[in-house]
Amino acid sequence: MKKIVRNIVIVVLVLVVLVGAVGCLVVTEENEYTIVRQFGKVVDIRATAGVSFKLPFIQETQTLPNTVLLYDLPVSDVITKDKKTMVADSFVLWRIEDPQRFIQTLNSSVTNAESRISTLVYNAMKTTISGMNQSEVISGRDGELASAIKDSITGLDQYGIEIIAVETKRLDLPDDNKEAVYQRMISERNNIAAQYTAEGESEAQMIRSETDKEVEIMLSEAKAQAEVLQAEGEAEYMRILSDAYADPQRAEFYNFVRSLDAAKASLTNEENVLILGPDSPLAQIFYDAGLEAAPAE
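Rendered as structure tokens:
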């Protein structure tokens, strides 16, 4: 019986030692903080991943996320500087920078942290957008707006929270305002298109006027050059004609050719008859030609 009791005591002691050994071990993951409490008071915060130790039965641990967290903000309405209502749907990337302060102010609650983030980020968004016109908000939504909102967020450092980024998923008009805004945008684009068209027509008219002017100048110069060439040709013609009449033989041949051309112009049809008087120079030419061709008696 004593031996059995002794064995039981040994087993119990071994179990107590094992439980105590296991209770001493603390495993810290890469993406978390390990908070060590002793009688409810924080005595140590471990951020390095690995295995460490604590006092069994006296100290207890809890973990907090040591990574970038995402919080999806509720969809909310904001009003621009020119009194236009817009619907903002955004999210925040944040992390716990100071675990000690986070525990003291927010009771280690991520839910409490998200509540503070929602309030402060919305106020920063409302303040930033209220200082901008709607067109400026739309044009800056790709990066400038998010940067301006992030820079205007204050007060989260007292909770040990760091804001990494504020991004906008959707920044749109309320449904009841969309149609009116679309129609106004269409009207503005039509006015711009009409202005561009008018400017194009004006430019085209100027180009046409310049072209017509250049064409007129070119035609005028060509006409003047043609008149010069024609005058030179007529002068050459008169010179040749004068030379022809100056030589009796050339003058006679010229008259003969001219008479033949006149007869040819008159006989344009096979049924035409050319009647010449005996005194006609043309008749004399044919008469002389007939005498030369007749045989001598």
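Numbering-wise, the sequence shown is residues 1 to 297 according to our numbering. Note that the Cβ used here is the ideal one computed from N, Cα and C, for glycine as well. Quick caveat: nothing in here was measured; it's all calculated off a predicted structure.
request  = Give the DSSP-derived three-state secondary structure of Ala99 in the structure shown.
outcome  = On the sequence shown, residue 99 is found 99 positions in, with the first residue counted as 1. Going by the sequence as given, residue 99 is Pro instead of Ala. Helix.
ask   = Taking Ala153 as the reference, which of Ser118, Tyr182, Val137 and Leu173 has the closest Cα?
value = Looking up residue 153 in the sequence shown gives position 153. Just to set this straight, residue 153 is Ile in the shown sequence, not Ala. Considering only alpha carbons, the answer is Ser118.
inquiry  = Please state the DSSP three-state secondary structure of Glu144.
reply    = The residue you call residue 144 lines up with position 144 of the sequence shown. Helix, per DSSP.
ask   = Do the segment 95-112 and the segment 180-194 make contact, defined as three or more Cβ pairs closer than 8 Å?
value = no
message = Less than 8 Å between C-beta atoms, sequence neighbours within five positions excluded: which residues of the same chain meet that for Phe102?
response = Residue numbering aside, residue 102 sits at position 102 when the sequence shown is read from its first letter. The answer, listed in chain order, is Leu64, Ile96, Ser108, Ala113, Tyr159, Gly160 and Ile161.
query = Using DSSP with H/G/I as helix, E/B as strand and the rest coil, what is Ser52?
reply = Position 52 of the sequence shown, counted from the start, is the residue given in the question as residue 52. Reduced to three states, the DSSP call for Ser52 is strand.
task = Quick one: residues in its chain with C-beta nearer than 6 Å to the C-beta of Lys126, no 5 flanking neighbours on either side, listed in chain order?
result = Residue numbering aside, residue 126 sits at position 126 when the sequence shown is read from its first letter. Correct list, in chain order: Val78.
ask   = In three-state terms, what does DSSP make of Val43?
value = Locating residue 43 in the sequence shown gives position 43, where the first residue counts as 1. Strand.
message = Given a cut-off of 9 Å on the beta-carbon distance, is the pair Gln134 and Met86 in contact?
response = Locating residue 134 in the sequence shown gives position 134, counting from the first residue. Locating residue 86 in the sequence shown gives position 86, counting from the first residue. Cβ distance < 9 Å, so Gln134 and Met86 count as in contact.
Environment of Pro99 [buried if 16+ CB atoms lie within 10 Å] = Indexing the sequence shown from 1 puts residue 99 at position 99. Per the 10 Å Cβ criterion, buried.
Span separating the alpha-carbon of Ala88 from that of Gly143 = Position 88 of the sequence shown, counting from 1, holds the residue named residue 88. Position 143 of the sequence shown, counting from 1, holds the residue named residue 143. Spanning the two alpha carbons is a distance of roughly 15 Å.
request  = Grab the span of the beta strand (DSSP E) containing Tyr33 for me, first residue to last.
outcome  = Numbered from its first residue, the sequence shown carries residue 33 at position 33. Element bounds for Tyr33: Glu32 to Gln38.
ask   = Ends of the beta strand (DSSP E) at Glu29?
value = By one-based count along the sequence shown, residue 29 stands at place 29. Here Glu29 belongs to no beta strand (DSSP E), and DSSP marks it neither H nor E.
Paired residues, beta bridge with Ser76 - DSSP = As a first step, residue 76 is located in the sequence shown; it is residue number 76 there, counting from the start. DSSP output for Ser76 lists Ala88 as bridge partner(s).
query = So Lys126 is in the alpha helix (DSSP H); what residue range does that whole segment cover?
reply = Position 126 of the sequence shown, counting from 1, holds the residue named residue 126. Counting along the chain, the alpha helix (DSSP H) containing Lys126 begins and ends at Val110 to Ser130.
Buried versus exposed call for Thr211 [16 or more other C-beta atoms within 10 Å across all chains shown] = Taking the first residue of the sequence shown as 1, we reach residue 211 at position 211. Burial call: exposed.
ask   = If you draw a straight line from the C-alpha of Ala231 to the C-alpha of Asp261, how long is it?
value = Here the question's residue 231 lines up with position 231 in the sequence shown. Here the question's residue 261 lines up with position 261 in the sequence shown. Spanning the two alpha carbons is a distance of roughly 25 Å.
message = Once the 5 residues before and after Pro174 are set aside, which same chain residues still bring their CB inside 8 Å of it?
response = In the sequence shown, residue 174 corresponds to position 174, counting from 1. These residues qualify, in order along the chain: Asp77, Thr85, Met86 and Val87.
ask   = When DSSP labels each residue in this structure, what does Ile240 get in the three-state scheme?
value = Reading the sequence shown from its first residue, position 240 is the one you call residue 240. It is helical.
ask   = Cα separation between Val137 and Leu25?
value = Stepping through the sequence shown from its first residue, residue 137 is reached at position 137. Stepping through the sequence shown from its first residue, residue 25 is reached at position 25. The alpha-carbon atoms of Val137 and Leu25 are separated by roughly 54 Å.
inquiry  = By the three-class DSSP mapping on this structure, what secondary structure does Leu219 have?
reply    = Along the sequence shown, read from residue 1 onward, the residue named residue 219 stands at position 219. Helix at Leu219.
Residue nearest to Val68 in terms of C-alpha spacing, selected from Leu93, Arg258 and Ala49 = One-based indexing of the sequence shown puts residue 68 at position 68. Taking only the C-alpha atoms, the option nearest Val68 is Leu93.
query = For Ile45 versus Val36, is the C-beta distance shorter than 9 Å?
reply = To locate residue 45, count along the sequence shown from 1; it is residue 45. To locate residue 36, count along the sequence shown from 1; it is residue 36. A contact, by the Cβ cut-off of 9 Å.
ask   = Can you tell which of Thr28, Ile275, Ala49 and Phe57 has the C-alpha that lies nearest to the C-alpha of Gln38?
value = Position 38 of the sequence shown holds residue 38. Checked all of Thr28, Ile275, Ala49 and Phe57; the closest Cα to Gln38 is Phe57.
request  = State buried or exposed for Ile129, treating a residue as buried only when at least 16 other CB atoms are found within 10 Å of its CB.
outcome  = Walking along the sequence shown from the start, residue 129 turns up at place 129. Per the 10 Å Cβ criterion, buried.
Where Glu297 sits in the DSSP three-state scheme = The residue given as residue 297 occupies position 297 in the sequence shown. Low per-residue confidence applies at Glu297: pLDDT is 45, beneath 50, and the placement is therefore not dependable, though the value from the model is reported in the following sentence. If DSSP states are grouped into helix, strand and coil, Glu297 belongs with coil.
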